Amino acid sequence: MDRTTKIRIEHLFFHYGRRRVLDDVCAEIPANAITAIVGPSGQGKSTLLTCLNRLCDAVAGTRVSGRVMMHFQGQWQDILAPDVPLHWLRRKVGMVFQAPNPLPMSIFKNVAFVLKLTGQHRRPDVTDRVAQALARAFLWDEVRDRLHHDARTLSGGQQQRLCIARALVLEPEILLLDEPTSSLDSQAGEVIESLLLALRQRCTLVMVSHYQDQVRRVADCVLQMEAGKLKLLRQSGSV
Amino acid sequence: MRQPPLDRFVRLVSWGSTLLLLASVATVIGFLLIKGYSSLSLKLVFGDTPPMEALLLRRPVFGGLFPAMVGTFSLVVLAITLAVPLGLAAGIYMAEYGRGRIQRALGLFFDILAGVPSIVVGLFGFSVAVFLHRHFGGRIYPCLLISALSLAFLVLPYLIRTTQNALEALPEAVRLTAPALGATRLQNICFVLLPRALPGILSGVILAIGRCAEDTAVIMLTGVVATAGLPRSLFSSYEALPFYIYYISSQYRDPEELATGYAAALILLAICAMLFAAAALIQQRLGARLHQRL
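Just so you know, the sequences run in chain order F and V.
If you count the first sequence from 1, position 173 lands on 1655 in the working numbering, and the numbers rise without skipping.
If you count the second sequence from 1, position 204 lands on 949 in the working numbering, and the numbers rise without skipping.
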């Protein structure tokens, strides 16, 4: 397999009840790049994302078959294998949803919460890492003075960047984004776009997007989803 | 802006129903106040014992409602303390872990349990008491603990179902937030789902408190008596307000005695209100604590 490939999807089928949502999906997703998945609504784009961190397991009545290979620490691993610990996988593969979903607590705690989930309680470390994550998500300068305010007082764009910071604090190798700018105005969307371009250095990004312009601006690789089938639309020369 | 006729009609009916309900509650409380207020007095509660002496448990109260108040209070607190952990755990199982046929069968079972008349639960408690009496050298009689256990059994299905419903009603977005961040199932339940579901769970606890406080059939068969003084231990018989009300209303000798029954009902309502407030307070503090712990 190609060394710069991060995710390799092999004959992935997904059923919801009796409906086939993903139909023999095969794809390779390059490392340290932004891969956009485009296509009309209701074609299974978001479903494909949830197969990549197995969040689809949390929904009753779903069935997945095929293989999703991911390249972690020099080894290929099938993340659909039943013995993969889900919390471990989701710490490697972060996810940001379409609508910002901060928890009803302070800005600081929203990010620190994730560290506590992994058993990290030492105060100075936690404070440092929260600050780093907020900085990586272009949010630190805006919130440094009000870290202990309720996260729901932030604007929509800030909330979404907080969610990205929250996903970044565990240093995931892959970040999944489900239409991250669709609930934001264009200005807030632009900030997120430049953030994504900056994140590409250390992370593999997979993004569902509806916006053609956005895809043209940020994506290194574009996959199109239609009726449960995925095909490569464009791949820039650099990857 | 004029609403379509059907909308106005529905609005009217909704308002009417709300008013009717409020009026019924007001009528019940008002009726009790009119009938019972005149006999509400320290003498009714403490008899001839000085109130401070009685409250500090220095001297027993004869001919007052104090022992019945303490009996009802301890009974409710005990039954709820026994039932809430079990109900919560079973509700969490039903909402988060149970799947398929077993979960549906258990749901049906809990619904049947919720429909069991309290007199049957009382008979069950009584049989347990008789069984224990026979097998433990005749030292166990119907008592506070057996009543509390039977009441806990009676309210368990409400607690299970409200916990389950409160958890299941949480939107998918809330449900998936923490797992997407690497939370295990248990972490998700403890840190995100339960704090969010607390208000719903509280309504189940309040329902259960009310049910425990008012039930007469169960306690009549499992340990309540007309005169026992303050409950001495978990294994002693006790007095309780609903039983007093029942007893007075069926065997009163004069109108004054009947009026003490109404007064007892007022006191019972007050105790319930106090317990509801305590439950709400605990829920609030617990919610804040759960969020702070993170």
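Even for Gly, the Cβ is constructed at its ideal location relative to N, Cα and C.
These numbers come from a predicted model, not from an experiment.
Among the candidates F:1523, F:1550, F:1536, F:1574, whose CA atom is the shortest distance from the CA of residue 1650 of chain F? F:1574
Going by beta-carbon coordinates alone, are residue 1690 of chain F and residue 1504 of chain F separated by less than 7 Å? no
Check whether the Cβ of residue 1612 of chain F lies closer than 7 Å to any Cβ atom in chain C. Absent here is chain C; the protein component of the structure consists of chains F and V.
From the DSSP output, in three-state form, read off residue 1655 of chain F for me. coil
Can you find a CB in chain V that lies within less than 7 Å of the CB of residue 1540 of chain F? yes
Using 8 Å for Cβ pairs, my map puts residue 892 of chain V next to residue 869 of chain V. What's the rounded Cβ distance? With a Cβ gap of about 12 Å, residue 892 of chain V and residue 869 of chain V do not count as contacting.
Can you say whether residue 1019 of chain V is buried or exposed, counting buried as having 16 or more other CB atoms within 10 angstroms of its CB? exposed
For residue 1695 of chain F and residue 1512 of chain F, believed in contact at Cβ under 8 Å, the rounded distance: Contact flag wrong, Cβ pair sits at about 22 Å.
Just verifying my parser: in three-state terms, what is the DSSP assignment at residue 1569 of chain F? helix
Cβ contact check for the region 920-929 of chain V and the region 1592-1606 of chain F: 3 or more pairs under 8 Å: yes
Run through chain V and tell me which residues come within less than 9 Å of residue 1600 of chain F, C-beta to C-beta. 927
Chain F contact residues for residue 1031 of chain V, given Cβ-Cβ distances below 7 Å: Simply none; closest approach about 15 Å.
Limits of the alpha helix (DSSP H) - the one that residue 826 of chain V falls within: 811-837
With 7 Å set as the bound, which would you pick, yes or no: does the beta-carbon of residue 909 of chain V sit closer than that to a beta-carbon of chain F? no
Cross-chain neighbours of residue 918 of chain V in chain F, by beta carbon under 8 Å: 1579, 1581, 1583
Can you give the Cα-Cα distance for residue 854 of chain V and residue 848 of chain V, rounded to whole angstroms? 10 Å
Residue 767 of chain V, buried or exposed, once every other Cβ within 10 Å from all chains shown has been counted against 16: exposed
Among F:1523, F:1645, F:1508, the one whose alpha carbon lies nearest that of residue 1581 of chain F: F:1645
Mapping the DSSP letters down to three states, classify residue 785 of chain V as helix, strand or coil. coil
What are the boundary residues of the alpha helix (DSSP H) that residue 1576 of chain F is part of? Careful: residue 1576 of chain F lies outside any alpha helix (DSSP H), inside the beta strand (DSSP E) at 1575-1578.
Contact set between residue 1596 of chain F and chain V, taken where Cβ atoms lie within less than 8 Å: 926, 927
Indicate the three-state DSSP secondary structure (helix, strand or coil) for residue 936 of chain V in the structure shown. helix
Using 8 Å as the threshold, is the region 772-780 of chain V in touch with the region 936-948 of chain V, meaning 3 or more CB pairs across them? no
Of all the residues that make up the region 1551-1578 of chain F, which are near chain V by a beta-carbon distance shorter than 7 Å? 1569, 1572, 1573, 1577
Please name the residues in the region 937-955 of chain V whose beta-carbon is closer than 9 Å to at least one beta-carbon of chain F, in chain order. 937, 940, 941
Beta-bridge partners of residue 1520 of chain F, as assigned by DSSP: F:1706
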